[in-house]
Structure formats: C-alpha cells, structure tokens
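The structure appears below as structure tokens.
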Amino acid sequence: MENGTNTKKLTNSKNLFKIFHQNIRGLKSKVDKLSNSLLEYPNIMCLTEQRLKDYEIDNLLIDQFKLGSKFCRHEYKNGGVCIFVHKDLDFFSISLDKYCKEKDTEVYAVRLKITPVQLIILAIYKSPSGNFTNFLKNLDSILNT
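Those letters in the sequence shown? Residues 1 to 145, by this note's numbering.
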C-alpha cells in the first residue's frame with residue numbers, strides 16, 4: 001500500500017485512528033462475538049489473556065485483520081497477548097521476547113509507519129499472581145529501548 005493512502009485514511013476527520021483493547025479472557029470461543037460487536041473496525045486490536053497456543057493463534061482468522069504480533073504461554077495456562085492490525089495498514093512486528101516472563105510480563109509490539117509519524121503499539125499483560133516489581137523493571141527497560 002502506498003504511504004499516501006495510509007496518510008489519507010488516518011488524517012480524514014471522519015476516520016480517526018482507533019485502537020481497541022480488550023482483556024478477552026479466552027479468544028478462541030469469542031471471535032464471532034468480537035467481530036459482531038465492533039460497530040466500526042478499529043485500526044489496531046490489542047487483546048490480553050487470549051489463552052491460545054502459538055499454532056492456534058497463527059491459524060485464527062478475524063475479518064479485516066492480520067495478526068501483528070503475539071506472546072503465548074508455554075509453561076502455564078491462560079494469559080498471553082496479541083495485536084491484530086487492520087488489513088490496510090503496513091506494520092512490522094517487534095519481538096520483545098527478552099522481556100517476557102510468563103505471569104510477570106507478557107508483551108509484544110508492532111511498529112506502524114504512517115506518514116509522517118511512526119507509532120509503536122504495545123500490548124502488555126501481568127497476571128494478578130505475577131511479580132509486580134519484575135513487571136515494572138521490564139516495562140521501564142522496554143520503554144527505554
């Protein structure tokens with residue numbers, strides 16, 4: 001897609017840039033309900049506690065969206081984060097694996113280049129049983145990066 005198209009869509013006063021966040025508490029059984037509940041498609045959907053395995057989320061289809069990035073748990077149940085990007089936007093996935101620790105800090109990001117700005121969108125989750133001090137240290141490190 002040409003950068004001019006992205007800019008035009010995002011600067012039109014009727015089409016503001018929209019980010020949707022939901023602690024979904026299990027995405028697999030809620031895809032249809034999620035799609036049907038959106039009055040307008042956002043540009044970005046950040047979902048926490050998606051509770052899917054890597055192979056499940058890689059094969060998940062949500063109308064009008066591409067999977068931008070994800071973190072799935074391997075040791076514990078539940079948790080996880082993902083970012084879906086509207087199909088018309090160009091993006092790059094940002095791996096934050098070195099900061100991820102199940103329950104403490106589950107995070108991934110995407111970078112969007114929308115002329116004339118660059119946006120970095122983070123989806124981050126800390127389990128109620130996670131270590132809050134570790135979460136804050138990792139968040140500080142991520143933001144300083």
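C-beta atoms are modelled at their ideal positions from N, C-alpha and C, and glycine is treated no differently.
So, at 6 Å on beta carbons, what are the nonlocal neighbours of residue i in its own chain, with the 5 sequence-adjacent residues on each side left out?
i: C46; result: H21, I83 and A123
i: I120; result: A109 and R111
i: D58; result: none
Rounded to the nearest angstrom, how far is the Cβ of residue i from that of residue j, given a contact under 8 Å?
i: V81; j: V107; result: 6 Å
i: L96; j: I142; result: 6 Å
i: K146; j: C72; result: Nothing about residue 146 can be read from this structure; the chain reaches only from 1 to 145.
i: R51; j: L27; result: 7 Å
Run through the DSSP bridge pairs and tell me what residue i is partnered with.
i: T145; result: According to DSSP, which records beta bridges pairwise, T145 is partnered with nothing at all.
i: Q22; result: L47
i: S69; result: I83
Alpha carbon to alpha carbon, what distance is there between residue j and residue i?
i: K103; j: E40; result: 32 Å
i: E49; j: K77; result: 10 Å
i: G130; j: S69; result: 22 Å
i: K126; j: N134; result: 10 Å
i: H74; j: E56; result: 13 Å
i: Y99; j: S35; result: 31 Å
i: N138; j: N144; result: 10 Å
i: L89; j: L60; result: 19 Å
i: K30; j: L67; result: 16 Å
i: N6; j: F91; result: Residue placement at N6 is flagged as unreliable, the pLDDT there being 46, under the threshold of 50; a coordinate-derived value is accordingly withheld.
Give me, in chain order, the residues of the same chain whose beta-carbon lies closer than 8 Å to that of residue i; leave out the 5 immediate sequence neighbours on both sides.
i: P42; result: K18, I19, F20 and H86
For the segment 74-143, list the beta strand (DSSP E) runs that are entirely contained and at least 3 residues long, ordered along the chain.
For the beta strand (DSSP E) assignment, the uninterrupted runs of no fewer than 3 residues enclosed by the segment 74-143 are, from N- to C-terminal side, 81-86, 91-94, 106-114 and 117-125.
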